[in-house]
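Undergrad: Numbering (my numbering), first residue to last: 780 to 1517.
(1) What's the gap between the Cα of residue 1305 and the Cα of residue 1115?
(2) Count the other C-beta atoms from every protein chain shown that fall within 10 angstroms of the C-beta of residue 1402, then say buried if there are 16 or more, exposed otherwise.
(3) Out of 1283, 1393, 1429, 1194, which has the shortest C-alpha to C-alpha gap to residue 959?
(4) Should residue 1177 go down as buried or exposed, given a rule of 16 or more other Cβ atoms within 10 Å for buried?
(5) Which residue or residues does DSSP assign as beta-bridge partners of residue 1195?
(6) Just to confirm, is the Cβ distance from residue 1071 to residue 1183 under 7 Å?
(7) For residue 900, tell me which candidate among 868, 992, 967 has the shortest Cα-Cα distance.
(8) Less than 7 Å between C-beta atoms, sequence neighbours within five positions excluded: which residues of the same chain meet that for residue 1521?
(9) Would you kindly work out how many angstroms separate the C-alpha atoms of residue 1050 and residue 1013, rounded to a whole number?
(10) Nearest by alpha-carbon distance to residue 1412: which of 1037, 906, 1251, 1322 is it?
(11) Taking the CB atoms as reference points, tell me whether residue 1215 and residue 1129 lie closer together than 7 Å.
(12) Taking residue 1284 as part of the alpha helix (DSSP H), name the residues at either end of that continuous run.
(13) Quick check on DSSP: helix, strand or coil for residue 861?
(14) Helix, strand or coil: how does DSSP classify residue 1111 here?
(15) Which of helix, strand or coil does DSSP assign to residue 1353?
(16) Taking only the alpha-carbon atoms, compute the straight-line gap between residue 1271 and residue 1069 and give it to the nearest angstrom.
(17) With DSSP as the reference, identify every bridge partner of residue 832, one or two as the case may be.
(18) Between the Cα of residue 920 and the Cα atoms of 914, 928, 913, which residue gives the shortest distance?
(19) Beta-carbon within less than 6 Å of residue 1007's beta-carbon, same chain only, minus the 5 sequence neighbours each way: which residues are those?
(20) Residue 1263 and residue 1299 - do their beta-carbons sit closer together than 7 Å?
(21) Exposed or buried, what is residue 990 when buried is set at 16 or more other beta-carbons lying within 10 Å of its beta-carbon?
(22) Figure out for me which residue from 1094, 1363, 1133 has the closest Cα to the Cα of residue 1492.
(23) Go to residue 1431, then tell me how far its beta strand (DSSP E) extends in each direction, as first and last residue.
(24) Quick one: residues in its chain with C-beta nearer than 7 Å to the C-beta of residue 954, no 5 flanking neighbours on either side, listed in chain order?
(25) Determine the extent of the alpha helix (DSSP H) in which residue 942 is found, giving its start and end residues.
(26) Let's test the definition: count the other Cβ atoms within 10 Å of the Cβ of residue 1217 and tell me whether it reaches 16, buried, or not, exposed.
(27) Got a sec, what are the start and stop residues for the alpha helix (DSSP H) residue 1053 sits in?
(28) Using three-state DSSP, classify residue 1090 as helix, strand or coil.
(29) How many Å lie between residue 1499 and residue 1165 at the Cα?
(30) Evaluate contact between the stretch 881-896 and the stretch 921-941, counting only Cβ atoms and requiring at least three cross-stretch pairs below 8 Å.
(31) Identify every residue that forms a DSSP beta bridge with residue 1264.
(32) Is residue 1143 closer than 7 Å to residue 1127 when the C-beta atoms are compared?
(33) Take every Cβ of the stretch 940-947, pair it with every Cβ of the stretch 1016-1025, and state whether three or more of those distances are shorter than 8 Å.
(34) When the Cα atoms are used, what is the spatial distance from residue 1367 to residue 1421?
(35) Opposite residue 905 in the DSSP bridges: which residues?
(36) Taking the alpha-carbon of residue 1370 as reference, which of 1383, 1326, 833, 1431 has the nearest alpha-carbon?
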C-alpha cells in the first residue's frame, strides 16, 4: 500500500448571503455612487446586467424582477439634463424590454438602448412600466479611436465560498476601476459562477456596483453552461453557431475593433470557424480583430493537455491565422500565460522589437490566458514550460488586465490586485510607415526532452520531442519554419521525426542507440545542428481498467463499515453509471473530462454526505503477463482510499489510519481540497500487484467530501500495467466498459 500527496433554497441562507454581500459592498466600494431620484428604489430589479450593444451607439440590459407577464422598461437621458438629483423624465428616452420566465418566482427582462452618443455621460433607471423605478445609475461613453477595456478572468463565485469569492471580486473591480476610471467596458472571459443554476452565486457575481456603470461583455464558461446564463445576460448579434443551452457565438464592435466571442462549450470547431469567417467578412473595415473564448487553447496548467482542448486548438488555429486575428483572449486554466506571436501552432520569435520593447508589424497571433480575478481558485502550472509560452505565472492572487487600443497600437498590461504591481506588459504596433527589418539566421541548436524512446506508446516514459531553435546575427531568437527543417537519423528504419519534432518509433524497430541531427535551409544557406544520441527501449503495456468505465456506486450517506470493499460483497442493489461520476454535471478534470453520471449528495445542499462508495470489476485472462510496473491515474475531488480485492493500494489527500464514514476532509489534519487543475497518480509496488488474481478482480473506492457545503465530487480512473509479452495488445479490458 502506498500513500501519495497531491501533485501538481433556503430563504435564511439567502438572507445571510445578502447581509454579507451588503457588508462587502459598503467596505469595498465607497467611491461608486448612485444618483438618487425621487421615489427611486421601489421597483425590485435585481441581477442587473449592463452590457455592450452591437456597436458603440447601443447598450444591452437584462435584469430579474418578481414573476410577472408585464415587460419592464429602461429609461435613459443625458446626465446634463438632470436638475439636481431628479431624473429628467421629460427629456428621457424609454425602451420596452422583452419578458420571459426565469428561475422560480422570477422573470427575466431584456432591452437594448440606441442612439447613444460618444464622449457623453448618461443616467438610466429600470422600471416596471407602471411608475415604479429602480435606483438611478450613471455611465460614461468614450471615443472609439483610442480607448481601453478591462479583462477579468474566472470569477467563478462559489468555487471557494460565496462571501469570500464575492469580496475578492468586489476588491478587484474596485482597484481596477480606480486605476482605469475611463474604461469603455469590461470583458469577462467566462465562468462567472461555479454552479450554473445557483442564484446565490449570481447574486455574488452581480454585487459590484461597477457592473451597473461600466458595460460588461461576458463569455460562456463550462460552469455557466445552462439556460440560467441566457436568463441573466443579453448579448448582441447572437448566432446559432456554437450554440448550447446557454447561447451561441456573438460579436460586437467598438470603432474599428471587432470582438468575436465564442461559446467553446460547443466543441464543433467548424461552427466557430464559420462564425468567425462570416463575421470578419461582414466587418471588412475592422483594423483590430479579437477572438474571445473561455477554454484556453494555449495555457500552462493541466487543462491544456486535454484531448478536447488539443483538438480545439488544432481546428481553430488555421482559421485564426487565415483571418489575421490580432489576439485571442481566454481563461479556464486559472493561471496566466502570454504566448509568443503564433502561426500554424508554431511560435514566431523572430519579430522586430523597437527600443520600447514593442513588437512592430508582427506576423501571427498573440494568445492571452488570464488568471482568476476573484481569487476563488488557482491551478498549478505544469513543471515544464511550453514552447509557446513567452510569459507564464501563477501568483495565487487575483489579477486583471487592461487593454489600451489606439489607431496604431494595442497594449496589454496585467496587474496583481494586492499590490497593483504591473506583472506583464506587451504592445503590438501596426504601422505600415515603419519598415520591418529582421536579422538573418546565424546558427541552429537541437535539444531533446528526454533520452529514452519506448517501442510502444507509454504511460511510464515521458514523450521525447526534439526542439530546434535558431539564433539570429543579433544574438536574438530566429524562427525556423517547420518547412525549412529536415531531421536526419543515421540508423534507417528505426524512427521517423515530424517537422515539429515528434518522434514515432517504426514497426520492427530494434532496441539500441540511434544518432539524430537536423539540417536547415535559410536564405540559400545550409545550417546543421550537432548530432545527439537517443536510446530505443523495449516496452509494452495494457490498460486493464479504462477511464470512462462502468462503476457501481452508493450515494445514500450510509455507513458501510468494511465489508463493502471485499471482492465477495453483494453490490447488486447499488446504482451504476459510466465514469466520470460526481456532481455538479459541469465538473470536469484534465485527462478525464466532464461528468457522465450525476450522483446524489442528500436532501440538503448545505449538508452534503461526507462519503460516497464506488466499485467496479475487471478480468485478467493471464496473470503471468503482468509486468513489474503499474500506475493508476485518477481524477478526484476531494480524496480517495482505493482497494484492490479488499486490500488498500493507495490513498490520496487523507492521513493514515481508519477514516470514519462521517468525516469530512475539514475534520482531518493533513488534508486539503483537491487540485482541480491536475489528475493524480498512484505508482503501484510489487506488493500492491500481488493482490491481483487471475479472473475477476474488484476495485473499490471511498471518496470523501471536503466539507458539508462543498460544491463538487468527482471520480474516474484508469489502471495501466506493463506486460511481459504480446506487446501492445489490449486483450484484458474492464468487463464493465460500455
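Cβ coordinates follow ideal geometry from the N, Cα and C atoms, glycine included.
TA: Reading from the atomic positions:
(1) 38 Å
(2) Exposed, since its Cβ has fewer than 16 Cβ neighbours within 10 Å.
(3) 1194
(4) Burial of residue 1177 is indicated by the presence of at least 16 other C-beta atoms within 10 angstroms of its C-beta.
(5) 1178
(6) Cβ atoms of residue 1071 and residue 1183: not closer than 7 Å.
(7) 992
(8) Past the edges of the chain, shown from 780 to 1517, lies residue 1521, and the structure says nothing about it.
(9) 21 Å
(10) 1322
(11) no
(12) It is not in any alpha helix (DSSP H) - residue 1284 instead sits in the beta strand (DSSP E) that spans 1282-1284.
(13) Correct three-state label for residue 861: coil.
(14) Coil at residue 1111, not helix or strand.
(15) coil
(16) Distance between the alpha carbons of residue 1271 and residue 1069 is about 47 Å.
(17) None; residue 832 has no bridge partner.
(18) 928
(19) Here the set comprises 975, 976.
(20) yes
(21) buried
(22) 1363
(23) 1426-1431
(24) 1196, 1199
(25) 941-958
(26) Of the residues assessed, residue 1217 falls on the exposed side of the cut-off, its CB having fewer than 16 other CB atoms within 10 angstroms.
(27) Run containing residue 1053: 1048-1061, per the alpha helix (DSSP H) assignment.
(28) If DSSP states are grouped into helix, strand and coil, residue 1090 belongs with the helices.
(29) 26 Å
(30) no
(31) 1299
(32) yes
(33) Output reads no: the stretch 1016-1025 does not touch the stretch 940-947.
(34) 21 Å
(35) 853
(36) 1326
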